[in-house]
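Notes to accompany the following structure.
2 protein chains.
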Amino acid sequence: MIISGGFKETGRESAQLEKDVVSTARKYGIRIIGPNCIGVLDTRSGLDSFFQPHDRMIRPSAGGVSFITQSGTVGCTLLEWAAEQGVGISKFASYGNRCDVDEGDLVEYFSMDDDTEIVVIYIEGLSNGRKLFEAASRISKKKPVVVLKAGATQLGSVAARSHTGALGGPQPVALAAFEQAGMIVAHNVEELFDIVKALAKQPMPICEGVVMVTNGAGPVVMAADKFEEYGVEIAKLSKPTLEALRKELPPYCYISETTIDLTGSATSKDYETALRIAAKDDSVGLLASFFVFQDPPLDEGILRVMPEILKLGKPVLCCASGGPYTRKQVGVLENQTVPVYETGERLATAAHALMTIRDLQSKQ
Amino acid sequence: MIISGGFKETGRESAQLEKDVVSTARKYGIRIIGPNCIGVLDTRSGLDSFFQPHDRMIRPSAGGVSFITQSGTVGCTLLEWAAEQGVGISKFASYGNRCDVDEGDLVEYFSMDDDTEIVVIYIEGLSNGRKLFEAASRISKKKPVVVLKAGATQLGSVAARSHTGALGGPQPVALAAFEQAGMIVAHNVEELFDIVKALAKQPMPICEGVVMVTNGAGPVVMAADKFEEYGVEIAKLSKPTLEALRKELPPYCYISETTIDLTGSATSKDYETALRIAAKDDSVGLLASFFVFQDPPLDEGILRVMPEILKLGKPVLCCASGGPYTRKQVGVLENQTVPVYETGERLATAAHALMTIRDLQSKQ
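Next up, the structure:
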């Protein structure tokens, strides 16, 4: 593992140095990760090569997600988000200049690693696209693979080359190949993490159909826009479901086939009623629960409700955003393995990814 | 001001009740904000109609941004983000069902309000598009107007109608009209806030040209992709600038016409040197400074450097993301009126908005 920079990314002479290191290593059968990277984390063995001290960068707990990243910086961000939002990590490899071990090798390795359930890739440029394509095609049948490729543009490619000496290559070709290999393509770092959080915390939907429950509808409007853009199917609650909801919920609630608006007067009990009844409907594959924690009478009772809703077996994604009080509630929910998103748009993106992986897996 | 719901948004009978309220009010020359909203905040007079208690929702301090929002929920989020990220608010109006006072009236009012420097609009459906168009066309010559329109799709429009009884209308027409009226169009809630934060905290660029300074290049690659997508011009540092940078900075720094990569070994002093020299270059209109706070030897000295850099008069946008340590540094920077973004993509969007407003204002 070579952490230090000063190789291919800094110019011609240093590129020769990198070549010399590789040829020497090959001679003795040594594989190399790096150079110009932050190295490796294995949460189970405790191997941690990072030069980032613990008081600067917190480490995530053990879990099923393994990261492959060309950029150490992007890796640091993803690891701390994982640590804070309760996403458990198996292994992490930052490979920087990729002088030997590449993303294809790492995907192959993670396909054989029993501790890895989900593979996440941040990539700036491909060296051996076919190798990655083939490895990903095999693994994506068993384990979800989520990928973000930066360096999409001319300017981005130039930035990538001076960063890790990688050539960007034509983005549309790369993305089409990724999708063909069964990978889920994310479009920015937040989206990458949002998708991974849903995958790591929630079961796969057994059918299509998203139902939305809320106590404040603005974010629902924006989520609805995104669902339509993505072509995610929305639930059509059955007549018996609608009747049960109307019977059990207060009369001022606005109940439609797709959305249960409990209004700003919603209590935790109202959420429990709505989510329990909706979860039983055959047209519901995923529960999207939007909270305005700023609005009383919604109270901390919701923190006892959500673990009960999870037991019903359908995936649950939540949305909430605001200041310190909201963050406190969100922190508890995240630890209960309930993924919470700051906006309706981001919730919709995560839901879309779950539905896409469900489609891919059902085709196997 | 009518906060309660139970009017047009709940169906036909309640729509009649709303009409009756309006006709009675008209008879006596009374204007109405609402119903089905959270009402009004005026940070200077202390008027605050919100039913959200202070321990659930923190309030922002006084400043130059005024909000107009159809959704109270979106309003709560924006206000708490403003409070936590040091964006000062003048006035806030949530108008819900918009039975009388509409966004056109509010834009007109804010154009005459000396405490309002920036107008922000979240809208789900238009009632009187021409009135908004005309009011915005007048005000945008003096004050930036940033707008987000939800309810873009069929599904979103249905959600909006059951939310505030608003008809969505054709989105492309609305967005084209907004741009023609000189408004900056945001595409989601985070983007809306990101743009407002830049506008509220930083001066307008006096020329095009973004220079990037970093100690970890991943986010720079993604920002570069976005700059190219947006058509934001990147700096071309002059030969004397490049020579000065090479002379003053450590030899392992990677210095190009567009980007100064100080590498993971960067100190606060290196940032100061790089930003000071780059700010003097005529091709630089905006300084984009990316921090990996996880990487020593970058230390808290940077918190003394940035206020000095702001004094040079060119707008500065920063990028940093991670866990508790990073958030602590970001909090201090935000209070120093340095806007900090979690990703390079979001920084690029804010930079693009500043450049667009600069273009609009230079055409006046």
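Note that the protein sequences, when read in sequence, are chains A and B.
If you count by numbering that gives the first Met the number 0, then the first sequence holds residues 0 to 363, one letter each, in order.
If you count by numbering that gives the first Met the number 0, then the second sequence holds residues 0 to 363, one letter each, in order.
Glycine is no exception: its CB is placed at the ideal position from the N, C-alpha and C atoms.
Computed from a predicted model, the values in this text were never measured in an experiment.
Contact between A:Glu341 and A:Ser320 holds: CB atoms are separated by about 4 Å, below the 8 Å threshold. Closest by C-alpha distance to A:Gly38, out of A:Glu189, A:Phe91, A:Ala158, A:Pro249, is A:Phe91. The continuous stretches of beta strand (DSSP E) do not include A:Leu46, and DSSP gives it neither H nor E. The residue from B:Ser3, B:Glu116, B:Val184, B:Lys362 with its alpha-carbon nearest to that of B:Gly62 is B:Glu116. Under the criterion of beta carbons closer than 8 Å, B:Lys148 and B:Gln179 do not qualify as touching, at roughly 14 Å. Relative to A:Ile88, the option among A:Met211, A:Arg97, A:Ser65, A:Asp101 whose CA is nearest is A:Ser65. Under the DSSP assignment, A:Gly343 falls in the alpha helix (DSSP H) whose first and last residues are 343-361. The stretch 269-312 of chain B contains, as complete alpha helix (DSSP H) runs of 4+ residues, the segments 301-309 (chain order). For A:Met211, the three-state secondary structure derived from DSSP is strand. Burial is judged here by how many other beta carbons sit within 10 angstroms of a residue's own beta carbon; B:Ile183 has at least 16 and is buried. Beyond the five residues adjoining it in sequence on each side, B:Cys98 comes within less than 6 Å, by CB distance, of Glu17, Val21, Ile31 in the same chain, given in chain order.
A:Lys90 has A:Asp41 as its beta-bridge partners, per DSSP.
Per DSSP, the unbroken alpha helix (DSSP H) holding A:Cys75 starts and ends at 71-83.
Here A:Lys235 has Gly208, Glu256, Thr257, Ser282 as same chain residues with Cβ atoms under 8 Å from its own Cβ, once five neighbours each way along the sequence are excluded.
Here B:Leu154 really is in contact with A:Phe226; their C-beta atoms are around 6 Å apart, less than 8 Å.
Ranked by Cα distance from A:Val188, the options A:Pro249, A:Tyr121, A:Pro143, A:Ala81 are led by A:Tyr121. In the three-state reduction of the DSSP assignment, B:Asp114 falls in the coil class, being assigned neither a helical nor a strand state. Of the other Cβ atoms in all chains shown, 16 or more fall within 10 Å of the Cβ of B:Ala82; this residue is therefore buried. As DSSP reads the structure, A:Tyr121 sits in a beta bridge with A:Thr68, A:Leu147. Residues of the stretch 218-236 of chain A whose Cβ lies closer than 7 Å to any Cβ of chain B, in chain order: Pro218, Val219, Val220, Met221, Ala223, Asp224, Phe226, Glu227, Glu228, Ile233.
Under the Cβ distance rule, A:Val73 counts among the residues neighbouring chain B, one pair being separated by less than 7 Å.
Listed in chain order, the positions of the stretch 49-61 of chain B with a beta carbon within less than 9 Å of a beta carbon of chain A are Phe49, Phe50, Gln51, Pro52, Asp54, Arg55, Met56, Ile57. Check the Cα spacing between A:Ala352 and each of A:Leu309, A:Ile301, A:Ala199: the tightest is with A:Ala199. Distance from A:Leu316 to A:Ala349 at the Cβ level is roughly 6 Å; contact confirmed, criterion being Cβ atoms closer than 8 Å. Within its own chain, the residues whose Cβ lies closer than 7 Å to the Cβ of A:Arg357, once the five positions on either side in sequence are excluded, are Met203, Pro204, listed in chain order. Contact with chain B is found for A:Glu83, since one of that chain's Cβ atoms lies less than 7 Å from the residue's Cβ. Exclusion of the five residues before and after A:Val100 leaves Arg30, Ile31, Ile32, Tyr94 as the residues of its chain whose Cβ lies within less than 7 Å of its Cβ. Collapsing the DSSP output to three states places A:Val100 in coil.
Inter-segment contact for the stretch 258-268 of chain B and the stretch 297-309 of chain B is present: three or more beta-carbon pairs are separated by less than 8 Å.
Spanning the alpha carbons of A:Leu244 and A:Leu286 requires a straight line of approximately 15 Å.
Collapsing the DSSP output to three states places A:Ala61 in a strand. Excluding five sequence positions before and after A:Asp193, the CB atoms of its chain that fall closer than 7 Å to its own CB belong to Tyr340, Arg345, Thr348, Ala349, given in chain order. In the assembly as shown, A:Val172 is an exposed residue. Its beta-carbon has fewer than 16 other beta-carbons within 10 Å. Within the stretch 320-332 of chain A, the residues whose Cβ lies closer than 9 Å to some Cβ of chain B are Ser320, Gly321, Gly322, Pro323, Tyr324, Thr325, listed in chain order.
In the DSSP assignment, A:Ile194 falls within the alpha helix (DSSP H) that extends over 188-200. Within the stretch 259-281 of chain A, the residues whose Cβ lies closer than 9 Å to some Cβ of chain B are Asp260, Thr262, Gly263, Ser264, listed in chain order.
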